[in-house]
Amino acid sequence: MRKPMMAGNWKMNKTIDEAVALAQDIKHAVNDINSVDRVVCPPFVDLPAVAEVLKGSNIATGAQNMHWAANGAYTGEVSPSMLKGLATYVILGHSERRQYFAETDETVNKKTKAALEAGLTPIVCIGESLEQNERGETQSFVSGQVRGALDGISAEQVQQLVLAYEPIWAIGTGRAATAQQANDICGGVVRATVAELYGKAVAENVRVLYGGSTNDKNIREIMAQPDIDGALIGGAALKVESYAEMVRGTAEVYA
Ligand code: 13P
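Residue numbers (numbering that gives the first Met the number 0): 0 to 254.
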């Protein structure tokens with residue numbers, strides 16, 4: 000059985016002091032709920048302090064981005080080896096990175112390979128825009144993004160990564176996909192594409208998260224879906240009350 004995951008993407012929020020306080024609160028609230036993988040992904044500058052707070056806890060840290068090169072003249076970028084000891088996960092290809100920072104399937108693929116080689120667990124994001132959704136292009140677009148991200152990645156490696164389906168129209172809008180809609184794409188498109196590429200048995204081992212306006216009210220229904228293995232949480236991960244309630248709700252659904 001795939002272990003459920005509640006991953007908080009803090010995006011560009013929290014100063015170092017604020018990040019430390021939130022990490023401490025999260026540690027106190029959910030350190031013992033070991034049936035759910037708990038991951039917090041603060042901004043780069045907060046990572047050392049948050050990793051220090053969470054050292055020895057059961058809560059993992061993740062970065063929100065990474066360059067694929069080992070080092071070099073890439074001003075403003077952070078390499079895989081620089082994350083060693085600070086993060087075990089790295090979010091890659093978030094739609095905000097694709098939209099505002101020109102990331103493409105090709106660069107997401109390079110980053111995914113580099114992360115796996117560095118021993119980091121990538122959380123690779125895919126998801127369609129509102130326009131694509133309304134034009135009926137969701138399936139072909141999302142499937143294409145999965146293929147692009149996984150190009151040249153082995154069956155063994157693909158079982159080490161996490162995929163996150165985040166429809167852009169649901170991110171930060173308060174308009175989550177229905178649990179049924181989310182499950183249909185997570186299973187019928189994302190996992191189905193992995194199955195086409197690597198076979199059904201491999202696809203059954205790959206965790207697929209849903210992201211987009213998840214919160215403590217809708218998480219139980221979402222997590223009750225068979226093809227949704229967790230959530231990539233934005234706004235609701237910035238408050239300990241809602242994040243902890245989402246972890247608790249997930250543990251209950253999986254009990
Ligand atoms: P919200 O939960 O704020 O909609 O953000 C989702 C997201 O983009 C997580 O990566």
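Glycine residues also receive a C-beta, built at the ideal position from the N, C-alpha and C atoms.
Per-residue DSSP class, three states only, for residue i
| i | result |
| --- | --- |
| Gly210 | strand |
| Val35 | coil |
| Ile15 | helix |
| Gly61 | strand |
| Asn182 | helix |
| Leu82 | helix |
| His259 | Because the chain here runs from 0 to 254, residue 259 falls outside it and cannot be looked at. |
| Arg134 | coil |
| Asp215 | coil |
| Val201 | helix |
| Ile152 | coil |
| Ala96 | The displayed chain sequence assigns Arg, not Ala, to residue 96. Here Arg96 sits in helix by DSSP. |
| Trp9 | coil |
| Ile25 | helix |
| Ile170 | coil |
| Glu51 | helix |
| Val188 | helix |
| Ala236 | helix |
| Ala176 | coil |
| Ala20 | helix |
Segment limits, beta strand (DSSP E) that includes residue i
| i | result |
| --- | --- |
| Ile232 | Gly229 to Ile232 |
Test: residue i CB closer than 8 Å to a CB of chain C
| i | result |
| --- | --- |
| Thr106 | Protein chains in the displayed structure number just one, and chain C is not present. |
Range of the contiguous alpha helix (DSSP H) that encloses residue i
| i | result |
| --- | --- |
| Val145 | Thr137 to Leu149 |
| Asn108 | Asp104 to Glu116 |
| Met222 | Ile218 to Met222 |
| Ser241 | Val239 to Tyr253 |
| Asp45 | No alpha helix (DSSP H) holds Asp45; DSSP gives it neither H nor E. |
| Tyr197 | Ala191 to Tyr197 |
Residues bridged to residue i (per DSSP)
| i | result |
| --- | --- |
| Ile122 | Ile90 and Val161 |
| Met4 | Asp36 and Gly229 |
CB-CB length for residue i against residue j, believed under 8 Å
| i | j | result |
| --- | --- | --- |
| Glu165 | Gly135 | The Cβ separation is near 19 Å, so there is no contact. |
| Ala250 | Ser34 | 5 Å |
| Leu91 | Pro47 | At roughly 21 Å, the Cβ-Cβ gap does not stay under 8 Å, so Leu91 and Pro47 are not in contact. |
| Ala230 | Ile218 | 6 Å |
| Leu129 | Leu160 | Contact doesn't hold; Cβ gap of about 27 Å is too wide. |
| Met65 | Lys110 | 6 Å |
| Gly171 | Gly233 | 6 Å |
| Val39 | Ile15 | Not quite, the Cβ-Cβ distance comes to about 14 Å (not below 8 Å), so this is no contact. |
| Met4 | Asp24 | Rounded, the Cβ-Cβ distance is 20 Å, inconsistent with contact. |
| Pro41 | Ala18 | 5 Å |
| Thr87 | Thr137 | About 31 Å; that fails the 8 Å criterion. |
| Val189 | Val123 | Incorrect: roughly 10 Å between the Cβ atoms, too far for contact. |
| Gly147 | Asn182 | About 23 Å; that fails the 8 Å criterion. |
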